[in-house]
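Residue numbers (the working numbering), protein chains in the order written: chain A, 9 to 231; chain B, 8 to 225; chain C, 5 to 237. Structure record follows, encoded as structure tokens.
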Amino acid sequence: MKYDIISAPSYSLLEMILNEGESVIVEPGSMAWMDTTVKPKTEMKGGLFAGLKRRMGGESFFLNTYTAEGGPGKIGIAPGYSGDIVVKELNDETIYMERGAYLCHLGNIETSASWEGFMGTFAEGMLGLRVSGTGLLFFGSYGDIQEVEVNGSYTVDNGYAVAWESSLDYSIARSGRTIRSFLFGDQLICRYHGNGKLWIQTRSPRNLAAWVHPFRPVQSKND
Amino acid sequence: MKFDIKGNPAYGEVDVDLGPNETILIEPGAMSRMSSNLNSSFQRQGGFFSAMFRKMFGGENFFLGKYSHQNGGQLTFAPSSPGSVQHYQLSNNSINIMAGSFLACTPGVNIKAKFGGLKALFSGEGAFLLEASGDGDLFFNSFGGIVEKEINGEFIVDTGHVVAFEPSLNYKISGMGNWKSTMLSGEGLVMTFSGVGKIYLQTRTIEGVASWLTPRLI
Amino acid sequence: MKIKIDSEGAFGSAVVKLEPGEKFVSEAGAMYRASPNMGIDVESRKKQNEGMWGALKAGIKSMFAGESFFLSSYMTNDNQSGEVGLAPTHQGEVRKITVGNETWICSGGSYLGSSGSIELDTQYQGLLKGGFSGEGLVFVKASGEGELLVNGFGRISEVEVRDGITIDNGHLIAFTEGLEYTIGKAGSGWISSMMSGEGLVMKFRGNGKIFVQSHDPGRLGGALGALLPPRES
């Protein structure tokens, strides 16, 4: 398998050339273009229960598998939001990531909904995804991606953390300490503790959703 | 007319220097700044009187903004979506562009609506084509990055990712795979191109942004 | 204080490094990352000597500017240096403007942050201008000495104005005090203006500088909004 991330860093698209017989597992709705030798298959990976667990993580029920048959095949993969794509080689490791950041993978990698360490995140409605195993993983960021090697602790605003290594702990706090802050405009912030890598994105999907609100059509009374 | 495309690949915009009485036609709302002597006026495109044609036109209005002055002038225009702007010189030839990708042209270019095929019409995708032909300058834009590919054989593209393609290419519109795949896989309509020719693709789609935002809306 | 702007890709952001005692202010909620010793406080928008009533007036005015009611302020809390990262809502460039000889006026939503030494004031544009410019009723005026951070949707260009220029609604970021503008029709008649899709424009006169953005968020909002499910209100 060969791959190239084109149009980086802001509208990154992953172009992959699969050898005959090779497969890639992709988040539904992410296929942009492909050779006719690449064949899609929709299935629930790991059976019904695994599908449900994934569903609660915010990822779709199903995952698509694309396999090159009768020859090699090229496939172009991209998420719906603009930003960058990160490639991470997993060696029997675990990463937690924001729902929606998962893009695709090759190899023996399991994705499932994760409740651990995600308490108190009701403001963002954030459920995480636990990704573990051995293989090649691709995930996306909304905006630029910044890597921080946490050594002690670091603060990130809710909604901007994309992924982090399982060696990091995570707690939610309010940004201000005075009554004034509490009443008038705290941010919900996340404090990461420990030693490990943290991936941060520079835009927040929630801010965009709030901004686009007045542009949506209004529900008519007759609906 | 002199032009300069600035800001590619992330935020393409076009600076134009119009000579006396030279005209440029641009997508409605695309003008961002201009010298004080220029006026915005309009020109109706083609004979699209029937309401059905107008509805199918989808991404493009059938009026274009028209800019000209006896002394000339400068203006800058940009598309509604962030991405790249491409200039294409037409010389008694034609190119097919997806309706939402058309940005601007000079008066010698004719713009005609082409059917995308029945599937496109009823899918609600609004995915249908314009044919730009004649002599002059054509500007089209991409959502996100623009990628040029030389097709020789067959190639499948999610309809939302198509920007423009040479008329030597044939295409077929279908759902992806079998019915279950189409409904469940998350992919919409795809175009299967065949033949030899150049195709312009974009790395993002506005439909992709809408699908991603929908579960996150307040 | 050191301000590092990251605008290599399409998503500009700024990381401000502060020494102990130094203060930076931003649009409330603009912080996306910070060192653990960064103290974040909420400030109301008011001039030096005004009391709560001044703050309330300024706050309400700001809401019309497209800015939030409050500002966030940053200072380290352990007598060490620290950093705070600021990011706007939209994709686009972030630019640093040195305020000193010139006072800058920012349109609604373009103000991102400024050093503590800069005085911020909200400037009411008047119902006619503010209502029709599409830029908001109130602009943010930044004066004094220090650094000002602005953000734009798309790429930011600096334009030198000598006689005049016409800027389409939705493209204004900031301009130097001294420039005057009027809201006018884009074309010679109302029908021309509306049919070309441009409608109203801002006509600037005088000498000064304007920062403009390449893209208009309202146009993307319109195209995107049409594809989204309807809202209840």
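Each residue gets a CB set at the ideal place from its N, CA and C atoms; glycine is no exception.
Nearest CB-CB separation between Phe-162(B) and chain A: below the 9 angstroms threshold. Interface annotation, Ala-16(A): in contact with chain C, CB-CB separation under 9 angstroms. Membership of Asn-215(A) in the alpha helix (DSSP H) is indicated by the continuous run 213-220.
The three-state secondary structure of Gly-13(C), taken from DSSP, is coil.
Ala-111(B) sits in a strand when the DSSP states are folded into three classes. Assignment of Ile-195(C) by DSSP, reduced to helix, strand and coil, places it in the helix class.
By the criterion of at least three beta-carbon pairs nearer than 8 angstroms, the segment 26-41 of chain C is not in contact with the segment 109-117 of chain A. Using a Cβ distance threshold of 9 angstroms, Leu-26(A) and Gly-81(A) count as a contacting pair. Contact check for Ser-108(B) and Phe-84(B): beta-carbon distance about 14 angstroms, past the 8 angstroms limit, so the pair fails to qualify.
Here Ser-15(A) has Leu-21 as same chain residues with Cβ atoms under 6 angstroms from its own Cβ, once five neighbours each way along the sequence are excluded. Taking a 10 Å sphere around the C-beta of Ile-85(A), we find 16 or more other C-beta atoms and assign the residue as buried.
Annotated as proximal: Val-34(A) and Thr-73(A), with beta-carbon spacing under 9 angstroms.
The beta carbons of Phe-157(C) and Ile-214(C) sit no closer together than 9 angstroms. Note that the C-beta distance between Ser-87(B) and Gly-226(C) is below 9 angstroms. If only uninterrupted beta strand (DSSP E) runs of at least 3 residues are considered, those enclosed by the segment 171-235 of chain C are 176-180, 184-189, 204-209 and 212-217. Annotation for Glu-214(B): the continuous alpha helix (DSSP H) segment containing it runs 213-220.
With a threshold of 9 angstroms between beta carbons, Tyr-115(C) makes no contact with chain A.
In the DSSP assignment, Gln-209(A) falls within the beta strand (DSSP E) that extends over 196-209. For the 9 angstroms CB-CB criterion, Val-21(B) and Leu-110(B) form a contact. Counting of Cβ neighbours within 10 angstroms places Trp-194(C) among the exposed residues, the total staying below 16. The Cβ atoms of Lys-96(A) and Phe-146(A) lie closer than 9 angstroms to each other.
The beta strand (DSSP E) runs lying completely inside the segment 93-127 of chain A and spanning 3 residues or more are 93-106 and 110-122, given in chain order. Asp-220(C) and Ala-37(B) have their C-alpha atoms some 9 angstroms from each other. About 6 angstroms separates the CB atoms of Arg-40(B) and His-175(C); that is less than 8 angstroms, so the two are in contact.
Collapsing the DSSP output to three states places Gly-113(C) in coil. For the set Phe-15(C), Ile-187(C), Asp-10(C) and Arg-223(C), the Cα lying nearest the Cα of Gly-91(A) is the one of Phe-15(C). Contact of Pro-213(A) with chain B by beta-carbon distance below 9 angstroms involves Trp-219, Leu-220 and Arg-223.
Proximity of Phe-49(B) to chain C, defined by a Cβ-Cβ separation below 9 angstroms, is satisfied.
Residue environment for Tyr-115(C): buried (at least 16 other C-beta atoms within 10 angstroms of its C-beta).
In this structure, DSSP gives His-94(C) a state outside helix and strand, which the three-state scheme calls coil. The DSSP assignment places complete beta strand (DSSP E) segments of no fewer than 3 residues inside the segment 141-185 of chain B at 153-165, 169-172 and 177-182, in order along the chain. Using a CB distance cut-off of 9 angstroms, Gly-136(A) does not count as an interface residue toward chain B. With 16 or more other Cβ atoms from the protein chains shown falling within 10 Å of its own Cβ, Ile-109(C) counts as buried. Taking 8 angstroms as the cut-off between beta carbons, the residues of the segment 24-40 of chain C near chain A are Ala-32, Gly-33, Met-35, Tyr-36, Arg-37, Ala-38, Ser-39 and Pro-40, in sequence order.
Of all residues in the segment 197-223 of chain A, only Pro-213, Arg-214, Leu-216, Ala-217, Ala-218, Val-220 and His-221 place a beta-carbon less than 7 angstroms from a beta-carbon of chain B.
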